[in-house]
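In case it helps, the numbering used here puts the sequence shown at residues 559 to 780.
One structure is given here, and the rest of the page talks about it.
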Amino acid sequence: MHTEDTWQQLQYKDEIVSVKVHSSTEDDKEVLYILVEDIQDHFPDANTFRCGGKLVNFMRDTDGKWLSPKRFAYRPDEVVEIITTKSASSPQQLVRQNTTVLQSTSASPADKDKFHLLSAHFQNYFKAMENDQKEQADRLQSSFQQGFSELHAALDRNLDLQRQLNDMQQYMVQLQEQTLDRLAVIQGRVQALLTATYELHEYSIPRLFIILPKDPSTWDLR
């Protein structure tokens, strides 16, 4: 496929734009993708993307690390929604919105109880991530995803609930990405320190030499 005329449609609020599609070859197969930095040229705060109500996953290598520069797969005949840091709600805002959503929705009492439980999982997840309690955060996220699946039928009937839970999921993904980025920086610094330490032990001989004359009587000390 020639990518010169291939574009990905994206939407931010009421604005729809098209971004160039790139291609590469992997295992003799053509892979089409969009570079996030191309999108950030137009929307600097773009950091998360959604398509058909689901978050868009970034492409990874065989070791599970994000490809650099960051990218996601081309989605023909679909419009990808742009989520920016400015448009994303904070955890506190999301929790406050829960009361309003539950008061206005027609969800059954049982579904409202489940939604309250998911909100509690979300708040505890956020606190666990803040305190670097990764194992607890993973358990809370698993419980959140399970509850999300159980509420699937109710979400189909209540778009407000659906949007609220999608926002919670989005924030969880953002927190995970920020944590992974911090870990990558720390690992890079540790690796640099280990390399420097190894070189000091391996090459202990000074690397800067000053050659002095053999006969000191010829030195001019004036």
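Built from N, CA and C at the ideal position, the CB exists for glycine as well.
Q) Do Val577 and Tyr632 have their C-beta atoms within less than 7 Å of each other? A) For the purposes of this step, residue 577 is taken as residue 19 along the sequence shown, with counting starting at 1. For the purposes of this step, residue 632 is taken as residue 74 along the sequence shown, with counting starting at 1. No, Cβ-Cβ distance for Val577 and Tyr632 is not below 7 Å.
Q) By a C-beta neighbour count over all protein chains shown, 10 Å radius and 16 as the cutoff for buried, is Ser677 buried or exposed? A) Position 119 of the sequence shown, counting from 1, holds the residue named residue 677. So Ser677 counts as buried.
Q: May I ask you to list the residues that DSSP assigns as paired with Ser576?
A: Here the question's residue 576 lines up with position 18 in the sequence shown. Paired residue(s): Gln567.
Q: Take Ile592 as the anchor and find which of Leu698, Leu613, His679, Val638 has the nearest alpha-carbon.
A: Taking the first residue of the sequence shown as position 1, residue 592 is located at position 34. Ranking Leu698, Leu613, His679, Val638 by Cα distance to Ile592 puts Val638 first.
Q) So, is His679 buried or exposed, given that buried needs 16 or more other C-beta atoms within 10 angstroms? A) To locate residue 679, count along the sequence shown from 1; it is residue 121. By the Cβ-count criterion, His679 is buried, with 16 or more other Cβ atoms from all chains shown falling within 10 Å of its own Cβ.
Q) For Ala604, does the three-state DSSP call read helix, strand or coil? A) Sequence index remark: in the sequence shown, residue 604 carries index 46 (1-based). Looking at Ala604 - three-state DSSP - the assignment turns out to be strand.
Q. Using CA coordinates, which residue listed in Leu675, Pro627, Asp586 is at the minimum distance from Val594?
A. Residue mapping note: residue 594 aligns to position 36 of the sequence shown, counting from 1. Checked all of Leu675, Pro627, Asp586; the closest Cα to Val594 is Pro627.
Q: List the residues that DSSP assigns as beta-bridge partners of Ile597.
A: Along the sequence shown, read from residue 1 onward, the residue named residue 597 stands at position 39. Answer is none; Ile597 lacks a bridge partner.
**Q.** Beta-ladder partner(s) of Arg618, from DSSP
**A.** Counting from one through the sequence shown, the residue named residue 618 turns up at place 60. Paired residue(s): Trp624.
Q: In angstroms with no decimal places, state the Cα-to-Cα distance between Ala614 and Thr583.
A: Indexing the sequence shown from 1 puts residue 614 at position 56. Indexing the sequence shown from 1 puts residue 583 at position 25. Sequence check: residue 614 is Val here, not Ala. Distance between the alpha carbons of Val614 and Thr583: 21 Å.
Q) Counting along the chain, where does the beta strand (DSSP E) carrying Glu639 start and finish? A) Looking up residue 639 in the sequence shown gives position 81. Annotation: the continuous beta strand (DSSP E) that includes Glu639 extends over 637–642.
(Q) On the DSSP letters alone, give me the boundaries of the beta strand (DSSP E) that Arg629 sits inside. (A) If you number the sequence shown from 1, residue 629 lands on position 71. 629–631 is the span of the beta strand (DSSP E), which, as asked, contains Arg629.
(Q) Please report the distance separating the alpha-carbon of Asp619 from that of Asp603. (A) Residue numbering aside, residue 619 sits at position 61 when the sequence shown is read from its first letter. Residue numbering aside, residue 603 sits at position 45 when the sequence shown is read from its first letter. About 25 Å.
**Q.** Identity of the residue in Ser581, Asp572, Tyr570 nearest Asp563 by Cα
**A.** One-based indexing of the sequence shown puts residue 563 at position 5. Nearest C-alpha to Asp563 among Ser581, Asp572, Tyr570: Ser581.
(Q) Taking the straight line between their C-alpha atoms, what separation do you get for Gly705 and His674? (A) Here the question's residue 705 lines up with position 147 in the sequence shown. Here the question's residue 674 lines up with position 116 in the sequence shown. The alpha-carbon of Gly705 is positioned some 11 Å away from that of His674.
Q.
Quick check: the Cα distance between Gln598 and Leu590, rounded to an integer number of angstroms?
A. As a first step, residue 598 is located in the sequence shown; it is residue number 40 there, counting from the start. As a first step, residue 590 is located in the sequence shown; it is residue number 32 there, counting from the start. The alpha-carbon atoms of Gln598 and Leu590 are separated by roughly 19 Å.
**Q.** Close-in-space but distant-in-sequence residues of the same chain around Val575 (CB under 7 Å, 5 per side omitted)
**A.** To locate residue 575, count along the sequence shown from 1; it is residue 17. Answer for Val575: Leu568, His600, listed in chain order.
Q. Got a sec? Which residues, its chain only, sit under 7 Å from Trp624 by beta carbon, not counting five neighbours each side?
A. On the sequence shown, residue 624 is found 66 positions in, with the first residue counted as 1. The beta carbon of Trp624 is closer than 7 Å to those of Phe616, Arg618 in its chain, skipping five residues each way along the sequence.
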